[in-house]
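One structure below.
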Amino acid sequence: TLGYPYAVDVALRIREKFPAVKIALGGPHAQSSREEILAANSSPFDYVCYGEGEYAFELLLDHLEGKIGRDKIESMSFFENGRVVTNAPALIPEDLDVFGHPAAMIPAEYVPLYHEKILAYKSLPFFTIISSRGCPFSCTFCSTPHKFAGLYKNKMRCHSVEWICDEMLI
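Okay, so the sequence shown: first residue is 1 according to this note's numbering, each after it adds one.
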């Protein structure tokens with residue numbers, strides 16, 4: 001949610017230069033606010049992914065390539081005939097290691113260009129490792145049980161220790 005204004009700014013810039021490009025948004029803010037995001041008058045987003053996006057974005061690419069209809073894009077919301085349509089949720093995999101390593105997807109020459117905008121760090125570049133998804137608790141001060149209750153159902157899934165070590169070494 002803290003990064004949402006930056007995502008909107010980037011999407012508006014892309015929309016200005018490339019009006020025909022389809023733009024999708026995912027993440028924690030999208031999980032609980034997809035209808036508001038799409039209904040905003042100046043929303044630059046064509047699609048909003050709720051839940052976990054790995055399978056959903058693969059289906060979105062299949063749709064954009066003409067292989068499947070929009071109704072088959074699981075975990076995705078979009079505008080159709082003046083209303084927000086939300087498709088059924090995508091599969092939630094138990095084994096997080098199947099998704100590979102995010103750090104390996106960033107070409108080394110681009111790492112120095114990354115600058116964290118949300119929080120301030122003394123040493124950049126700064127990257128995080130997400131070692132788990134979900135939470136078994138329902139703390140009253142946390143948004144996770146509220147935003148993600150239907151998604152995680154108070155369950156937690158973790159990457160393997162080997163995966164986390166490999167991610168740190170990349």
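Backbone N, C-alpha and C fix where the C-beta goes; we use that ideal spot for every residue, glycine too. Note that the structure is a prediction, hence the values are computed from the model and not measured.
By the Cβ rule, the stretch 67–75 does not count as touching the stretch 32–42, because fewer than three pairs are nearer than 8 Å. Along the length of the stretch 32–78, whole alpha helix (DSSP H) runs at least 4 residues long occupy 54–64, reported in chain order. Apart from the 5 residues on each side of it in sequence, Phe45 sits with its Cβ closer than 7 Å to the Cβ of Ala11, Ile23, Ala24, Leu25, Ile37 and Leu38 in its chain, given in chain order. Listed as beta-bridge partners of Thr86 by DSSP are Ser77. Per DSSP, the unbroken alpha helix (DSSP H) holding Cys165 starts and ends at Val161 to Leu169. With fewer than 16 neighbouring CB atoms inside 10 Å of its own CB, Glu162 falls in the exposed class. For Gly3 and Ser143, the gap between their C-alpha atoms comes out near 16 Å.
The continuous beta strand (DSSP E) containing Cys158 extends over residues Met156 to Cys158. For a cut-off of 8 Å, the C-beta gap from Cys158 to Ser138 is around 19 Å, too long to register as a contact. For Val8, the enclosing alpha helix (DSSP H) stretches over residues Tyr4 to Lys17. Residue pairing from DSSP places Gly134 in a beta bridge opposite Met156.
Put simply, of Val111, Gly53, Cys135 and Pro136 the residue whose alpha carbon is nearest the alpha carbon of Phe127 is Val111. In terms of CA proximity to Ala90, Ser77 leads the group Ile106, Ser77 and Ile164. Burial of Val48 is indicated by the presence of at least 16 other C-beta atoms within 10 angstroms of its C-beta.
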